[in-house]
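Q: Sequential numbering of the sequence shown, starting at 6, is according to my numbering. Glycine included, C-beta positions come from ideal geometry on N, C-alpha and C.
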Amino acid sequence: MSHATLLLVLVILVSSVVSQQQQQQPDDTPDICLSLRDSSACPAFHQFYVSTGVVDRFPFLPSNITTVQQLDASLLRYVNSTSDYLLPLGCLSTNYNPTTPYARYALTKMCARLIQDAEDSLPCNTEHNVVPPPLCQATCMDWVNSVTVITSQPRVCSDNSQRTAALANYTTQCLSWQGYNASTDDNCISGFANEPDNCGFRDDITRACQFCQNTTSAASSNCCQLVTCGHGLGDVIMLALPFDDGWALGVNLSTGLKGAFPLVCVSPTTLSFMEQWQSRSSKLTLPSTNTIDTTITAADVSSSSIPKRMASKSSKSTSSSDFISLFWTVITHLPLS
Numbered sequence: 006m007s008h009a010t011l012l013l014v015l016v017i018l019v020s021s022v023v024s025q026q027q028q029q030q031p032d033d034t035p036d037i038c039l040s041l042r043d044s045s046a047c048p049a050f051h052q053f054y055v056s057t058g059v060v061d062r063f064p065f066l067p068s069n070i071t072t073v074q075q076l077d078a079s080l081l082r083y084v085n086s087t088s089d090y091l092l093p094l095g096c097l098s099t100n101y102n103p104t105t106p107y108a109r110y111a112l113t114k115m116c117a118r119l120i121q122d123a124e125d126s127l128p129c130n131t132e133h134n135v136v137p138p139p140l141c142q143a144t145c146m147d148w149v150n151s152v153t154v155i156t157s158q159p160r161v162c163s164d165n166s167q168r169t170a171a172l173a174n175y176t177t178q179c180l181s182w183q184g185y186n187a188s189t190d191d192n193c194i195s196g197f198a199n200e201p202d203n204c205g206f207r208d209d210i211t212r213a214c215q216f217c218q219n220t221t222s223a224a225s226s227n228c229c230q231l232v233t234c235g236h237g238l239g240d241v242i243m244l245a246l247p248f249d250d251g252w253a254l255g256v257n258l259s260t261g262l263k264g265a266f267p268l269v270c271v272s273p274t275t276l277s278f279m280e281q282w283q284s285r286s287s288k289l290t291l292p293s294t295n296t297i298d299t300t301i302t303a304a305d306v307s308s309s310s311i312p313k314r315m316a317s318k319s320s321k322s323t324s325s326s327d328f329i330s331l332f333w334t335v336i337t338h339l340p341l342s
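1. Decide if Gln-158 is buried, meaning its Cβ has at least 16 other Cβ atoms within 10 Å, or exposed.
2. Would you give the residue range spanned by the alpha helix (DSSP H) that Ala-213 belongs to?
3. Quick check on Trp-182: does DSSP put it in helix, strand or coil?
4. How would you label Glu-200, buried or exposed, when you count the other beta carbons within 10 angstroms and need 16 or more for buried?
5. Would you mind giving the Cβ-Cβ distance between Cys-234 and Phe-197, rounded to the nearest angstrom? I have them listed as a contact below 8 Å.
6. Within 10 angstroms of the Cβ of Val-271, are there 16 or more other Cβ atoms? Answer buried if so, exposed if not.
7. Measuring CB atoms only, is the region 68 to 88 touching the region 39 to 56, in the sense that at least three cross pairs come out at less than 8 Å?
8. Given this structure, state the Cα-to-Cα distance separating Val-154 from His-133, to the nearest angstrom.
9. Do you know offhand how far Val-232's Cα is from Asn-219's?
10. Taking the beta strand (DSSP E) that Gly-205 falls in, what are its first and last residues?
11. Phe-53: which of Leu-276, Thr-275, Phe-206 and Gln-121 sits nearest, CA to CA?
12. To the nearest angstrom, how far is it from the Cα of Ile-242 to the Cα of Asp-250?
13. Give the C-beta separation of Val-256 and Ala-245 to the nearest angstrom, bearing in mind that I take them to be a contact with Cβ-Cβ under 8 Å.
14. Gly-251 by DSSP, collapsed to three states: which one?
15. In angstroms with no decimal places, state the Cα-to-Cα distance between Tyr-83 and Thr-221.
16. Report buried or exposed for Gln-142, applying the criterion of at least 16 other Cβ atoms within 10 angstroms of its Cβ.
17. Just curious, the beta strand (DSSP E) that Cys-270 is in, first and last residue?
18. Compute the beta-carbon to beta-carbon distance between Thr-176 and Val-149, rounded to the nearest angstrom, for a pair I have assumed lies under 8 Å.
19. In chain order, what residues of the same chain lie with their CB nearer than 8 Å to the CB of Pro-139, ignoring the 5 residues before and after it?
20. Answer with buried or exposed for Asn-174, where buried requires no fewer than 16 other C-beta atoms within 10 angstroms of its C-beta.
21. If you run the structure through DSSP and keep just helix, strand and coil, what is Val-241?
22. Let me confirm a value: Arg-62 is counted as buried when at least 16 other C-beta atoms fall within 10 Å, else exposed. Which label applies?
23. Count the other CB atoms within 10 Å of the CB of Asp-208; is the residue buried (16 or more) or exposed (fewer)?
24. Could you tell me the alpha carbon to alpha carbon distance between Ser-277 and Leu-94, rounded to whole angstroms?
25. Whole-angstrom Cβ separation of Ser-151 and Ala-108, contact assumed at under 8 Å?
26. Return the residue from the list Tyr-110, Leu-172, Leu-92 and Ser-56 that minimises the CA-CA distance to Leu-81.
27. Below 8 Å on the Cβ atoms is my contact criterion, and I expect Val-60 with Leu-39 to pass it. Report the Cβ-Cβ distance as a whole number of Å.
28. Looking only at C-alpha atoms, which of His-51, Asn-203 and Gln-167 sits nearest to Val-136?
29. Can you tell me whether Ala-171 is buried or exposed? The criterion is at least 16 other CB atoms within 10 Å of its CB, across all chains shown.
30. Give a yes or no on whether the C-beta atoms belonging to Cys-217 and Val-161 are separated by under 8 Å.
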């Protein structure tokens, strides 16, 4: 064998060894099983694990993720971005400027998706002798319904074939994928267990109040009991004392709450509306003109919770002719102070 041939063989052998080492290098770094014990995004899943191997399928996670804090931060960014549902539905570009509406229980759904990953995360949980229960199907459908409502607005998404197909696909996942389709009999994890505040709408109390006022589902009653709305759309406010800064003192006849409220939230009601409202309310009746002055006492006016304001110069005693003008209808959500 000539020297040239021998040198060529050595070069080929060295190149082959280097190539094999480079191919094996990624596999030499083992995946980590991240415990969710201290997770702020997935508290209801605290006893389970997510494998760092899922980063190959979920690009919103950092490729070098090593802590649950990184996981939480990545999840929060994702569910509040257009990537969660707007882009898949073909609604908006990545340059969408307004705040992306939070889809109900989006965080809980993504926690379950990562934990129920069959390729990496489920083996992690098996290794630690735990079996994570699936997400409740009702929670999955709550998310789909929320996305449907948000994207039905023309300014957010036009009704196109991509949106229709994507929503149908999401619904199919909730009905058929074993990570999303469990019932309470299966000891499933619900959105309420993971996101109890504002019925799964996170910090959006306005949407939570709208949801609770419109829902007829008994399953939503538990979370709605934890939502505090100062007043709701359609509530009747009795004006007691207007101020000269755009606020007024009054009582919500629908809830019985007293306090100061901005007049921009209400509009004058009509006699026909008052009659309809009274017919719907079995617990309240219209006060007479001679009891209006005692509805809100001096103690209410001087309460520390009521800002000090000057009474409007236009305020005066009420006569029967303008009695109905004392009643205003709530047109937007803002709590009594």
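A: Once the coordinates are examined:
1. By the 10 Å Cβ count, Gln-158 comes out exposed.
2. 210 to 219
3. coil
4. buried
5. 18 Å between Cβ atoms; not a contact.
6. buried
7. yes
8. Cα to Cα, the separation comes out at about 40 Å.
9. 13 Å
10. First-last for Gly-205: undefined, no H or E at that position.
11. Closest by alpha carbon: Gln-121.
12. 18 Å
13. 7 Å
14. coil
15. 31 Å
16. Around the Cβ of Gln-142, a 10 Å sphere holds 16 or more other Cβ atoms; the residue is buried.
17. Where Cys-270 is concerned, there is no enclosing beta strand (DSSP E), given that its DSSP letter is neither H nor E.
18. About 6 Å separates the CB atoms of Thr-176 and Val-149; that is less than 8 Å, so the two are in contact.
19. Ala-117, Gln-121, Gln-183, Gly-184, Tyr-185, Asn-186, Ala-187, Asp-191, Cys-193 and Ile-194
20. exposed
21. Shown here, Val-241 sits in a strand according to DSSP, grouped into three states.
22. The residue is exposed, with fewer than 16 neighbouring Cβ atoms inside 10 Å.
23. exposed
24. 43 Å
25. Right, the Cβ-Cβ distance comes to about 5 Å (below 8 Å), so this counts as a contact.
26. Tyr-110
27. With a Cβ gap of about 11 Å, Val-60 and Leu-39 do not count as contacting.
28. Of the candidates His-51, Asn-203 and Gln-167, the one whose C-alpha sits nearest the C-alpha of Val-136 is His-51.
29. buried
30. no
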